[in-house]
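Each remark here refers to the structure printed beneath this line.
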Amino acid sequence: MARERQEMVVELERYGISNARVLDAFLTVRRHLFVDAQSRPYAYSDNAMPIGFGQTISQPYTVAYMTSLLVERVPSGKVLEIGTGSGYQAAILAGLGYRVYTIERIAGLYAAAGRVLDALDLPVQRRLGDGTLGWPEEAPFDGIIVTAAAPHEPNTLMNQLADGGVMIVPVGDLGSQQMTVIRRRGDRFEHEIFHSFAFVPLCGREGWGDNNE
Ligand code: SAM
119 MARERQEMVV ELERYGISNA RVLDAFLTVR RHLFVDAQSR PYAYSDNAMP
169 IGFGQTISQP YTVAYMTSLL VERVPSGKVL EIGTGSGYQA AILAGLGYRV
219 YTIERIAGLY AAAGRVLDAL DLPVQRRLGD GTLGWPEEAP FDGIIVTAAA
269 PHEPNTLMNQ LADGGVMIVP VGDLGSQQMT VIRRRGDRFE HEIFHSFAFV
319 PLCGREGWGD NNE
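Throughout, this note's numbering is defined as the position within the sequence shown, counted from one, plus 118.
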């Protein structure tokens with residue numbers, strides 16, 4: 119599906135994604151491997167799609183937008199993703215050369231994403247559990263990407279950022295969230311606020327709890 123992938127990248131550029139490294143990663147990673155058989159013909163359309171368990175693979179534009187925010191601030195290093203979902207965002211990050219750690223709370227998604235990432239031989243460390251607690255044994259991280267809607271800035275995760283590290287997280291209510299970039303400067307945190315998006319809820323201890331699937 120190389121032609122469809124190329125067309126997706128052209129569309130991303132038209133929507134304002136301009137980072138060459140990001141566009142190259144989208145050209146390289148085969149998104150159709152991360153969706154189920156029924157969705158495969160549409161894998162390169164700019165849409166979120168169901169991946170089971172009430173969850174979605176985010177639309178390519180959203181993944182590219184968050185990835186660009188990260189790449190422009192933290193070009194390399196160790197990155198933690200919260201919300202493995204299909205594994206696509208983790209594969210994009212690995213394609214960009216980051217050392218990737220990812221956490222998913224739903225066992226079925228954790229297993230399915232693991233199968234695809236392993237088949238592609240991508241160096242992604244995976245964990246099953248509540249991502250709002252982070253991965254303390256592997257902290258600090260140069261980057262953290264939260265791919266689900268947080269009700270407030272996730273404190274435990276912020277404290278697992280390295281000095282100068284950056285977190286990308288959609289923060290807001292269940293209907294709409296503002297993409298927020300938080301950079302750690304010693305004991306202080308700087309904030310930048312970007313466009314609105316609509317994500318599935320971040321569950322767990324520092325999310326919306328465990329009844330929002
Ligand atoms: N990044 C994913 C991808 O590339 O397919 C899409 C993520 S989907 C929009 C959000 C994911 O976050 C879901 O798979 C959901 O189960 C997961 N999630 C929600 N709360 C979580 C938590 N506390 N810890 C880990 N994963 C969580």
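Just so it is clear, CB atoms sit at the ideal spot from N, CA and C, and this is done for glycine as well.
Inset, instruction - Assess, as a yes-or-no matter, whether the segment 151-159 is touched by the segment 182-189 under the definition of 3 or more beta carbon pairs within less than 8 Å. - result: no
Legend entry - the segment 285-304 / the segment 248-263 touching (three or more Cβ pairs under 8 Å): yes
Inset, instruction - Tell whether a beta-carbon distance below 8 Å holds between Ser204 and Phe152. - result: yes
Inset, instruction - Going by CA-CA distance only, name the one from His309, Glu308, Arg132 and Leu292 that's closest to Trp326. - result: Leu292
Legend entry - Arg121 burial status per 10 Å Cβ neighbour count (16 or more: buried): exposed
Legend entry - Contact check, Thr202 vs Ile221, beta carbons under 8 Å: Yes, the Cβ-Cβ distance between Thr202 and Ile221 is below 8 Å.
Legend entry - Nearest neighbour of Pro272, chosen from Val192, Gly226 and Cys321 [CA to CA]: Cys321
Inset, instruction - Might you give, ordered along the chain, the residues of its own chain that have their beta carbon closer than 6 Å to the beta carbon of Ile224, omitting 5 neighbours on each side? - result: Phe171
Legend entry - Buried or exposed (CB count within 10 angstroms, at least 16 for buried), Ser314: The residue in question, Ser314, is exposed, as its Cβ has fewer than 16 Cβ neighbours within 10 Å.
Legend entry - One or two residues paired with Val153 in a DSSP bridge: Paired residues: none, contrary to the question.
Inset, instruction - In the DSSP assignment, find the unbroken alpha helix (DSSP H) run with Pro168 in it and report its ends. - result: Per DSSP, Pro168 belongs to no alpha helix (DSSP H); it is in the beta strand (DSSP E), Met167 to Gly170.
Inset, instruction - Taking only heavy atoms of the ligand SAM into account, decide whether any of them is closer than 7 Å to the Cβ of Asp154. - result: no
Inset, instruction - State the DSSP-derived secondary structure class of Asp236, mapped to helix, strand or coil. - result: helix
Inset, instruction - Mind checking which residues open and close the beta strand (DSSP E) that includes Glu279? - result: Note on residue identity: the sequence assigns Leu, not Glu, to residue 279. Segment Leu279 to Gly290, the beta strand (DSSP E) holding Leu279.
Inset, instruction - For Ala231, count neighbouring C-beta atoms within 10 Å of its own C-beta (all shown protein chains included) and say buried if the count is 16 or more, exposed if not. - result: With 16 or more Cβ atoms within 10 Å of its Cβ, Ala231 is classed as buried.
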